[in-house]
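Chemist: Residue numbers (my numbering): 159 to 408.
All residues carry an ideal CB built from backbone N, CA and C; glycine is no exception.
Here the structure is a predicted model, which means the values were calculated and not measured.
Provided herewith is a single structure, encoded as structure tokens, for subsequent inquiry.
So this is what it looks like as structure tokens:
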């Protein structure tokens with residue numbers, strides 16, 4: 159096998175996401191043939207070289223790839239552990255032996271579809287800004303937007319000095335506390351809440367119902383493995399980003 163960048167090899171082995179793999183490298187936790195490697199541009203051949211992460215030999219062929227859909231309930235954090243002692247999404251994954259990690263995040267009060275996997279390459283492709291993987295949310299707000307505000311929402315609003323990408327917006331239930339369907343192709347921290355806040359509206363409930371081709375079909379707290387077809391469709395969707403990522407690493 160040809161040489162690849164270390165972070166890509168580690169991510170493909172399911173040990174960590176590519177971003178986390180880069181952190182492990184710069185922290186001196188990775189060695190190749192007994193030599194500690196700290197430069198991110200370093201490459202290795204996983205078939206020929208002995209690669210260790212935190213002192214453990216990396217075996218690509220022995221790591222089964224796992225893909226899980228999970229309905230995150232409100233009141234838990236999307237992290238592997240929480241210093242404040244709050245429940246995490248990992249507390250719900252009873253019986254899952256492989257070490258998986260969340261792809262993207264939902265904030266503490268939000269609920270809905272979350273993908274967890276140990277496929278670092280796919281996780282990186284799905285979360286890359288250039289991938290434009292669409293995510294769909296249903297949102298309850300404490301007041302209606304005007305037609306003009308709805309159009310501004312769709313066109314993009316300034317957040318943190320940078321305008322958001324064009325978004326989908328459709329009112330699905332009218333009333334004093336209407337429900338909207340929101341479609342985003344980017345994922346800034348608490349973006350949906352901040353976009354409504356820009357117009358003076360507070361989000362009362364938020365649920366993510368779709369990531370790309372994957373739809374929410376679980377009750378809060380439940381998880382299930384993805385079918386081979388679902389995995390293939392997600393990989394196809396992220397294929398453009400993965401191909402670009404490979405080109406960038408040349």
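#1: Mind reading off the beta-carbon distance from residue 362 to residue 299? Whole number of angstroms is fine, and I expect it under 8 Å.
#2: Residues in the same chain with beta-carbon distance under 6 Å from residue 236, minus the five sequence neighbours each way, listed in chain order, please.
#3: Assuming residue 285 is part of the beta strand (DSSP E), what are its boundary residues?
#4: I want to know whether the stretch 329 to 346 touches the stretch 291 to 298 - three or more CB-CB distances under 8 Å.
#5: Could you give the distance in angstroms between the alpha-carbon of residue 197 and the alpha-carbon of residue 170?
#6: Measure the C-alpha to C-alpha separation of residue 358 and residue 364 and round it to an integer number of angstroms.
#7: For the beta strand (DSSP E) holding residue 341, just list the boundary residues, first then last.
#8: Specify the secondary structure class of residue 332 as computed by DSSP and reduced to three states.
#9: Could you tell me the alpha carbon to alpha carbon distance between residue 322 and residue 355, rounded to whole angstroms?
#10: According to DSSP, residue 275 sits in a beta bridge with which residue or residues?
#11: Which residues in the same chain have their Cβ closer than 7 Å to the Cβ of residue 161, if we skip the five residues on either side of it in sequence?
#12: By the DSSP assignment, the beta strand (DSSP E) with residue 310 in it spans what residues?
#13: Measure the Cβ-Cβ separation of residue 208 and residue 218 and say whether it is below 8 Å.
#14: Counting along the chain, where does the beta strand (DSSP E) carrying residue 294 start and finish?
#15: Let me check understanding here. Comparing Cα to Cα, which of 194, 226, 190 and 195 lies closest to residue 381?
Modeler: From the atom records:
#1: 7 Å
#2: 247, 260, 263 and 264
#3: Element bounds for residue 285: not the beta strand (DSSP E) but the alpha helix (DSSP H), 278 to 285.
#4: yes
#5: 19 Å
#6: 17 Å
#7: 337 to 342
#8: coil
#9: 14 Å
#10: 225 and 259
#11: 201, 202 and 203
#12: Unbroken run through residue 310 is the alpha helix (DSSP H), 305 to 313; no beta strand (DSSP E).
#13: no
#14: 293 to 299
#15: 226
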